[in-house]
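Engineer:
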Ligand code: PNS
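Residue numbers (the working numbering): 315 to 477.
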């Protein structure tokens, strides 16, 4: 049976760390769904359509990557999509506690679905969406840390808010 994986997240915005995990996942699983969480943050910088648009643009070359949205419980979405695996990225030990809790809670909710942790390439281990937004908003360079389309859209947001 083909293995279908779901990679859930807020992706506000998508970083090159996320991209690295998704590209690795696309090599490992038959199909991987990038599932953008609708309600993860009540006031995201990028709207849901923007986040979906960015991910579709970045992965347009990968035929086994699908971009979708989900609302409510992740495990229900995963089961509804008939996926067997949840993929989460682990960057450092500091990620572990929260990820461990989530994985065990999801395991309790549906023991048939496995959480698989994947490590990004070393150069992405310190990147987070939160840090990208903070550094960019304070005038720091984020080139090489996010896809070009994200960098461009961040610039548009800043110039839009100044207009
Ligand atoms: O990119 P993030 O913010 O680390 O993603 C977290 C996310 C969206 C995967 C997590 O908050 C989630 O699964 N939300 C959906 C609601 C849910 O199922 N909560 C219980 C998790 S055990």
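Don't be surprised by glycine CBs; every beta carbon is placed ideally from N, CA and C.
Nothing here was measured: the structure is a model prediction, and the numbers come from that model.
Should the region 369-383 be regarded as contacting the region 417-437, the criterion being three or more beta carbon pairs within less than 8 Å?
Structural biologist: no
Engineer: Name the DSSP bridge partner or partners of residue 319?
Structural biologist: 346, 399
Engineer: Inspect the beta-carbon positions of residue 395 and residue 347 and report whether they are closer than 8 Å.
Structural biologist: yes
Engineer: Put residue 371 into one of helix, strand or coil per three-state DSSP.
Structural biologist: helix
Engineer: Whose C-alpha, out of 404, 353, 316, is nearest the C-alpha of residue 334?
Structural biologist: 404
Engineer: Can you say whether residue 406 is buried or exposed, counting buried as having 16 or more other CB atoms within 10 angstroms of its CB?
Structural biologist: So residue 406 ends up on the exposed side.
Engineer: Does DSSP put residue 432 in a helix, a strand or coil?
Structural biologist: strand
Engineer: What residues are listed by DSSP as bridge partners for residue 380?
Structural biologist: 347
Engineer: Report the residue from 317, 344, 349 whose alpha carbon sits nearest the alpha carbon of residue 332.
Structural biologist: 349
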